[in-house]
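Residue numbers (this note's numbering): 2 to 656. Positions of the beta carbon are idealized from the N, C-alpha and C atoms, including for glycine. Nothing here was measured: the structure is a model prediction, and the numbers come from that model. These notes concern the structure reproduced below.
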RNA sequence: GCCGAUGUAGCUCAGUGGUAGAGCAAUAGUUUUGUAAACUAUAGGUCGUCAGUUCAAUCCUGACCAUCGGCUCCA
């Protein structure tokens, strides 16, 4: 039997026989968790499960470290949240604490802590808090864990006048509870851990924002202040992240919408109501044209319906009962009440119901760019992403039960084609199903099973990876949500394909089957962009305002170098217009550098720079907005290449 | 809607208890320019709105409106 002398921090111990790195760490620190620890042996990193070398006469030093992994980062951030709370208690005694988790999914933040301070904390206080945190990291204060009985922990928090914590503990704890302290700090939290060994491990963190949050996310409960921050293993990583965040801010669609003159929102006209300017309008027209092309290919029909309907219709559809909060108040005309539509479905149903349908008529696929109005709370409005009036690229399919699967598949193909054209390669599909909690869902078990199977099979047949989410379906049917990931890794919920068992019942939809009996059709709601406004917002940010050629509001800037060239430039511009391009001629007497700068800032894909030389040779000098000078082309050659870029809806402007 | 912050020219922002400035943009003139910003001049604002305090308010106080960061909600 060999003996191993191990040094662990300031302590040492003797082990016999085979012993792993984790065994050693655990023997010194009973709270050590494999979840977010690795070991160092004589300064070198070792796997936790690796056995220590059995050398005699040599003292082996072991220390736990956080591994550079997601779990390690989570631990780091959670520990930083505790440090934040400790610093706040130091600076603002009497502060009540809520919860303070690490955030690993949200790219904006790394952790938060909810608090109720004696006096509200403002953004200006963050540097002070951050400074206090930094001081505490220099003191290498230990994180200590204790296990106490439920009564003890409740007494602790009662004495500290923290009723919210008591409420939480009362709900969560059965038997003993785990609490964490930080040395030299009044801070105690009810927490399972694990945590870093001491505050010295926290080397790179930053407080980011302060905002409101409800206790337990319930708008009826206490309003708390939420302090957001993030933490990384190293200052380098933190700096990189901060830089990325700044770059993302430059892509903000509201900022670009202003700079590129795409759209505006005016208080005088109403919050959440979008004015599409000419340059935004032309992009929308291109988007709609492309969509219409695809709808024709997929055999959809085009319908148009009004923006308001009698209140009674919303009673039949159930919106009066379930959706009234989101609807604008009724308007009385003579003796009849009308309401703005929050959805298009009832109107498409009206078209279906306008005559008896035979099984031969199905499927019916009605599409419409239907503008709807929703009375969203003012605090939720956000640029183009959340508005009060918006246009849904809506479609409703009325299908026989035996057609559901094929139609679902076609919807998926459609969605993928469209999103790929816009350059979204990463598309996430979520299948939301009923789950075990069956009472709250409407419709027969058999229908649900068939519908869920059809959706799943359609996904599987296309080898689409998807996430199945139990108990997330709409009350009226299962659905597939389509989320896209943009170039900087943010995901956006856009499209949705939903099966509906409710409205066909409510509106008593029927078709005459082969058997001469009446049957109920299946109704499918389907939208790809979700809202044209939101999709436009996502596109602006995705492309950072530099739209591909086919979408660019101004596709070609014609820039004469001197006034002598203006006539030649005008004739070139005219020919390009004849060829169907969107052209802007800049005849001002600015220097060419200024004209180039202006067109580049406006993200015009191509600039044609025309001087004496081009006039003489009857050519155009082409400049790309990002790649610079592309050399000279004959006008015919340039038009041909540009036409191919446009007609193929190419994402890159390669000539 | 709730919590916090913000609101000055078309845009980005300075500024002061004694009725306001800069840069860019706009307009006019000069310049005729070779691949990211020529020069000069002119014009442009009830300092978010309404009250209050004051001899005097863009500035201090309050209410309201809107915007921003979140929460809740959602396409």
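Each of 81, 103, 116, 100 was checked against the Cα of residue 93, and the nearest Cα belongs to 116.
Approximately 6 Å separates the beta-carbon atoms of residue 352 and residue 304; this is inside 8 Å, confirming the contact. Boundaries of the alpha helix (DSSP H) around residue 73: 71-92. Selection 16, 154, 512, 540 evaluated against residue 488 yields 540 as nearest (Cα-Cα). Here residue 212 has 227 as same chain residues with Cβ atoms under 6 Å from its own Cβ, once five neighbours each way along the sequence are excluded. Per DSSP, reduced to three states, the secondary structure at residue 505 is helical. When the Cα atoms are used, residue 606 and residue 374 turn out to be separated by approximately 35 Å. Around the beta-carbon of residue 267, fewer than 16 other beta-carbon atoms lie within 10 Å, marking it exposed. In this model, residue 320 and residue 504 are separated by some 11 Å (Cα to Cα).
Residue pairing for residue 97: DSSP places it in a beta bridge opposite 117.
CA-CA distance, residue 349 to residue 89, rounds to 57 Å.
Membership of residue 231 in any alpha helix (DSSP H) is not indicated; the residue belongs instead to the beta strand (DSSP E) covering 224-233. Comparing alpha carbon positions, the residue from 99, 331, 174, 428 closest to residue 376 is 331. Residue environment: residue 209 is assigned as buried (16 or more neighbouring CB atoms within 10 Å of its CB, all protein chains considered).
Taken through DSSP and simplified to helix, strand or coil, residue 143 comes out as strand.
Residue 213 is bridged by DSSP to 226. Under DSSP, residue 409 shares a beta bridge with no residue.
As summarised for the segment 573-620, the continuous beta strand (DSSP E) elements at least 3 residues long and confined to that stretch are 584-586, 607-611, given in chain order. For residue 423, no pairing in a beta bridge is given by DSSP. Judged by DSSP secondary structure, residue 340 falls within the beta strand (DSSP E) whose first and last residues are 337-341. Exclusion of the five residues before and after residue 466 leaves 430 as the residues of its chain whose Cβ lies within less than 8 Å of its Cβ. The three-state reading of DSSP puts residue 345 in coil, since its state is none of H, G, I, E or B. Taking a 10 Å sphere around the C-beta of residue 111, we find 16 or more other C-beta atoms and assign the residue as buried.
Pairing residue 271 with residue 264 gives a Cβ-Cβ distance that is not under 8 Å.
Taking the Cβ atoms as the reference, residue 169 lies roughly 7 Å from residue 191, within the contact range of under 8 Å. Under DSSP, no beta-bridge partner is assigned to residue 357. Apart from sequence neighbours up to five positions away, the residues of its chain that approach residue 574 with a beta-carbon distance below 6 Å are 559, 584, 586, ordered along the chain.
Around the beta-carbon of residue 476, fewer than 16 other beta-carbon atoms lie within 10 Å, marking it exposed. The straight-line gap separating the alpha-carbon atoms of residue 525 and residue 646 is approximately 35 Å. Setting aside the 5 residues that flank it on each side, residue 131 is surrounded in the same chain by 208, each with a C-beta closer than 6 Å to its C-beta; the list follows chain order. Excluding residues up to 5 positions away in sequence, 306, 345, 392, 393, 395 lie with their Cβ nearer than 7 Å to the Cβ of residue 371 in the same chain.
Comparing alpha carbon positions, the residue from 198, 140, 223 closest to residue 163 is 223.
Secondary structure note for residue 176: it is in no beta strand (DSSP E), with a DSSP letter that is neither H nor E.
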